[in-house]
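Note that the working numbering has the sequence shown beginning at 61, numbered continuously upward.
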Amino acid sequence: MIENGISEVYFYFLLSGILVFLLTKLIKETEKYCYYHFNKIYCLHCCIIRKKLPKKEQEFLALKVPFYNKLSNTQKKVFEHRVAIFVVNYRFKSRGGLEISKDMKLLLAASAVTLTFGFRNTRFPMLDIILLYPKKYTSVITKKIHKGAYNPRLKTLVFSWEDFLLGNKIINDNINLGIHEFTHVIHLNSHKKKDLNSVIFKREFRALKKMIYNDTTLKKKLQTSGYIRKYGFKNQYEFIAVLLECFIETPKEFKALFPQIYKRIKKMLNFNFLGY
């Protein structure tokens, strides 16, 4: 009798697992169908239980994060929830005697949440550790001086805290270290993952590269306008990272200069809010 009981438990456990797998698969395929046919991600900011930030931390975001201030009250609650989730999802480490405060974690989280606010899933599977140096540092891997870097093999994102703060302080120079490095994380995650946002990011970036390659006039304008800094032409990874810095910091200027590219990036990030 006991053996039969155990067998039944295993059977129902296996059956439950199969049903959950099939349901998850169905939901993902339905999401893709809706996006490809209706160009919309449904239930984008849906959450059964939202984490709340203390009043003091909400005030800190309002003081330090311009993007947060542009949001509606409902969107602010989503932003706060995602910031709270980010802070507990990753391990923060430091070098050079730098002490990591809660405010520092909030600012780092705000950069990631800003960039992915059009995503449903804001968890980066290929990121575990955020490593902070006080200033520019010499990489143990490249032996060169860096402001920031992303190592997907070690699942580690590295920042010079001084340069991260500078990128946040000047909000219209199209240089934002936080946005830049988190773009690398999203980009490389999109190569490995098959969630809807990764699929969209990869597809739209592929279309963007093809558009620029086939339009020599557009390519020349990108290279000579002075709007895109030269570092962006180093390779495809730096190119998209620099473009997203421009998109977040000076969207109106970007849209006026390069409307076709702007439209692709808007779709890439699903940024259908705040007049973007």
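Ideal placement from N, C-alpha and C gives every residue a C-beta, glycine not left out.
Option nearest residue i by Cα separation, candidates the options
| i | options | result |
| --- | --- | --- |
| Gly335 | Phe224, Ser76 and Lys312 | Lys312 |
| Tyr297 | Asn249, Val259 and Ser154 | Asn249 |
| Phe127 | Ala169, Arg155 and Ala209 | Ala169 |
| Phe139 | Ala267, His251, Arg155 and Asn181 | Asn181 |
| Asp167 | Leu237, Phe179, Thr202 and Pro185 | Position check: residue 167 holds Leu in this sequence, whereas Asp was assumed. Cα-wise, what sits closest to Leu167 is Leu237. |
| Ser258 | Asn330, Lys269, Met271 and Asp163 | Asn330 |
| Arg155 | Asn295, Leu191 and Lys165 | Leu191 |
| Lys252 | Leu278, Met271 and Pro185 | Pro185 |
| Phe224 | Leu79, Lys124 and Lys116 | Lys124 |
Beta-bridge pairing of residue i - partner residues as DSSP gives them
| i | result |
| --- | --- |
| Ser220 | Tyr193 |
| Asn211 | Thr216 |
| Phe152 | Ile190 |
| Ile205 | Thr198 |
Rounded C-alpha distance that separates residue i from residue j
| i | j | result |
| --- | --- | --- |
| Lys112 | Gly157 | 31 Å |
| Val173 | Tyr287 | 25 Å |
| Phe314 | Ile308 | 9 Å |
| Phe152 | Lys215 | 12 Å |
| Asn228 | Ile300 | 19 Å |
| Tyr322 | Ser76 | 45 Å |
| Ile62 | Ile109 | Bear in mind that a pLDDT of 45 at Ile62, under 50, signals an unreliable position, so the number given afterwards is only what the model happens to contain. When rounded, the distance between both Cα atoms is 40 Å. |
| Phe333 | Pro114 | 26 Å |
| Lys204 | Tyr197 | 8 Å |
| Ile230 | Leu282 | 23 Å |
| Phe146 | Phe179 | 14 Å |
| Lys254 | Lys327 | 17 Å |
| Val302 | Asn211 | 18 Å |
| Tyr226 | Leu217 | Rather than Tyr, the amino acid found at residue 226 in this sequence is Leu. If I take the Cα positions, the gap works out to 18 Å. |
| His141 | Gln135 | 10 Å |
Residue i, buried or exposed, once every other Cβ within 10 Å from all chains shown has been counted against 16
| i | result |
| --- | --- |
| Asn129 | exposed |
| His244 | buried |
| Glu119 | exposed |
| Arg213 | exposed |
| Asn234 | buried |
| Ile325 | buried |
| Ser171 | buried |
Inter-residue CB distance, residue i and residue j (contact presumed, cutoff 8 Å)
| i | j | result |
| --- | --- | --- |
| Leu187 | Tyr150 | 7 Å |
| Pro232 | Thr310 | In the sequence as presented, Pro is not what sits at residue 232; that position holds Asn. Contact holds; Cβ gap of about 6 Å. |
| Phe370 | Ile246 | In the structure as shown, the chain begins at 61 and stops at 336. Residue 370 is therefore absent and cannot be evaluated. |
| Glu159 | Lys195 | Not quite, the Cβ-Cβ distance comes to about 15 Å (not below 8 Å), so this is no contact. |
| Glu241 | Phe219 | 7 Å |
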